[in-house]
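Q: Have a look at this one before I ask anything.
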Amino acid sequence: VNESYRVVAEGHVVRESDVDVVSVMGYGFPAFRGGILFWASLEGVKHIRDRLKYYSETLGTNNKDVRAFFKPCEHLERLANMS
1 VNESYRVVAE GHVVRESDVD VVSVMGYGFP AFRGGILFWA SLEGVKHIRD RLKYYSETLG
61 TNNKDVRAFF KPCEHLERLA NMS
């Protein structure tokens, strides 16, 4: 999810639904969920952001690479703060 929001923020896709199509058709994300970013919007971007922060802080305690991997991207942070 985090990387998908990075792709959107960096302008590699025209719209979020492009990522959803790739996640379903290319990566096997369950079609009934509508795509990874559609699913994230249903779950709530605040919830997604909070889980990523939790993983970053708990799993990355002794490993800065793990901490950085799970750290929510700026675009996700911005969306979570707006909702």
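Here the sequence shown stands for residues 1 to 83, where the numbers follow UniProt numbering. A virtual CB, placed ideally from N, CA and C, is assigned to each residue, including glycine.
Exposed or buried, S83, counting other C-beta atoms within 10 Å across all chains shown (16 or more means buried)?
A: With fewer than 16 other Cβ atoms within 10 Å, it is exposed.
Q: DSSP three-state call for R51: helix, strand or coil?
A: helix
Q: Just reading off the alpha helix (DSSP H) that V21 is part of, what are its end residues?
A: 16 to 25
Q: Please return the same chain residues whose Cβ sits closer than 7 Å to the Cβ of A40, not counting the five positions on each side in sequence.
A: Excluding its 5 nearest sequence neighbours in each direction, A40 has C-beta neighbours in its own chain below 7 Å: V1, I48, listed in chain order.
Q: Using a Cβ distance threshold of 8 Å, determine whether the segment 28 to 47 contacts the segment 2 to 9, with at least three qualifying pairs required.
A: Yes, the segment 28 to 47 touches the segment 2 to 9.
Q: So what does DSSP say about residue 84, is it helix, strand or coil?
A: In the structure as shown, the chain begins at 1 and stops at 83. Residue 84 is therefore absent and cannot be evaluated.
Q: Can you list the alpha helix (DSSP H) stretches of 4 or more residues lying completely in the segment 51 to 76, in chain order?
A: Runs found: 64 to 70.
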